[in-house]
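Written below as structure tokens is the structure these notes are about.
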Amino acid sequence: MDERVKVTEASEEELLLLLDPTRIPTHVAIIMDGNGRWARERGLPRIAGHRAGKEAIRQTLEGCRDCGVKILTLFAFSTENWRRPPDEVEALMELLREALREEVDTLVRNKIGFKVSGDLDAMPLEIREELRRAMDLTKENKELILNLALNYGGRRDIVLAAKRIAREVQANRLSWEAIDEDLFRNYLYTAGLPDPDLLIRTGGEIRLSNFLLWQIAYTELYFCDVYWPDFRKHHLFQAIYEYQKRQRRFGGLDAQER
Ligand code: IPE
Ligand code: IPE
Ligand code: MG
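Residue 1019 in the numbering used here sits at position 58 of the sequence shown; the count goes up by one each step and never skips.
Given below as structure tokens:
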């Protein structure tokens, strides 16, 4: 059987066995896209698609634990998503509020650390409080980290980092000569996290939509057509399988070419 067919038809257990445990991506980032189309195809309101996406998040977290991914960054709301109709934005915030209230215990029980990347000042106060609580309760958990990108924009991330650095220089706490890539990354929302090894976008669009622009300089990109609410563990394992076939050179040469 053709290898690709074998992989697309393999069960989640079979796929897990096909993965090389020594080359599991440490950090996987996902653009969870396609909720609206999933709902429309079923004659449902868009929010039903967002709601159905919660199961995909559960499965993905479980899949990360099963195979040893250490950090999962999920793009939940972009700085551009405020352009959506107010009732969709409001429904998304309500869903987030609800999910935080319901799932914090699960995070604690499963020893999952919770972090947020994004501009939280514009988020409703109640959500900010829930986010703080979730981060506080799980701050000791290091085995698996769920990093939620909320009101996140890659450009805003970079601009805010530049502004904070400028302020430090202006206050004489930092010399401009000390600014380099390593320093800069510490001012980004993702400070302290390694760059993603693998970026997955579901929903069939082949673009980044302003996600993690700095951080994905050498990330392996994987696009799949499945709508986010249909994303299951085996899709994650397929993406990692594909990732493991890639040669990451970071601008250098493969070992055999040297
Ligand atoms: C992604 O699904 C979720 C968010 C952006 C919040 P979409 O809502 O973008 O779904 P499509 O792309 O319209 O199908
Ligand atoms: C990206 O999806 C944002 C999230 C998944 C949160 P969008 O659906 O907002 O992106 P575009 O509009 O198709 O680029
Ligand atoms: Mg979309």
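Think of the CB as a built atom: it goes at the ideal place given N, C-alpha and C, for glycine as much as any other residue.
Answer yes or no: the CB of residue i versus the heavy atoms of ligand 1, is any distance below 7 Å?
i: L1053; result: yes
i: F1038; result: yes
i: H1196; result: no
i: N1042; result: yes
i: R1162; result: no
i: H1011; result: yes
What are the boundary residues of the alpha helix (DSSP H) that includes residue i?
i: N1133; result: N1133 -> no alpha helix (DSSP H), and no H or E assigned at all.
i: V1065; result: 1047 to 1070
i: E1166; result: Neither: E1166 is in no alpha helix (DSSP H) and is coded neither H nor E.
i: D1097; result: 1086 to 1098
i: A1000; result: 996 to 1001
i: E1218; result: Premise fails: E1218 is in no alpha helix (DSSP H) and is neither H nor E.
i: L978; result: 973 to 979
Helix, strand or coil for residue i? Go by DSSP, reduced to three states.
i: A1152; result: coil
i: V1120; result: helix
i: N1112; result: strand
i: K967; result: helix
i: M962; result: Low confidence applies here, because M962 scores a pLDDT of 48, under 50, leaving its location unreliable; read the following figure in that light. Looking at M962 - three-state DSSP - the assignment turns out to be coil, as it is neither helix nor strand.
i: G1010; result: helix
i: E1104; result: coil
i: V1077; result: strand
i: F1192; result: coil
i: T1040; result: coil
i: A1178; result: coil
i: T987; result: coil
i: T1034; result: strand
i: I1140; result: coil
i: F1145; result: helix
i: F1184; result: strand
Using a threshold of 7 Å, is the CB atom of residue i nearer than that to any non-hydrogen atom of ligand 2?
i: S1078; result: no
i: A1083; result: no
i: E1016; result: no
i: N1112; result: no
i: R1168; result: yes
i: I1140; result: no
i: I1008; result: no
i: I1177; result: no
i: I992; result: yes
Leaving out five residues on either side along the sequence, give the residues of the same chain with a beta carbon under 7 Å from the beta carbon of residue i.
i: Y1148; result: A1122, R1125, I1126
i: M962; result: Low local confidence applies: a pLDDT of 48 at M962 is under 50, so the model's placement there is unreliable, with the coordinate-based value given in what follows. Same-chain partners within the cutoff: there are none.
i: I1018; result: L1035
i: M1054; result: P1085, I1088
i: D1066; result: none
In chain order, what residues of the same chain have a beta carbon less than 8 Å from the beta carbon of residue i, not counting five sequence neighbours either side?
i: T969; result: Q1199
i: I1008; result: A1000, E1049, A1052, L1053, L1056
Who are the near neighbours of residue i in its chain, counting only those whose CB is closer than 6 Å to its CB and skipping five residues on each side?
i: M1096; result: F1075
i: L1197; result: T1021, G1024
i: H988; result: I1032, P1155, P1157, D1158
i: I1161; result: I991, Y1183, A1200
Terminal residues of the continuous beta strand (DSSP E) containing residue i?
i: R1162; result: 1159 to 1162
**Item:** Residues passing the C-beta test against ligand 3 heavy atoms, cut-off 7 Å
**Value:** Every residue passing the under-7 Å Cβ criterion appears here: D994, G995, G997, G1164, E1166.
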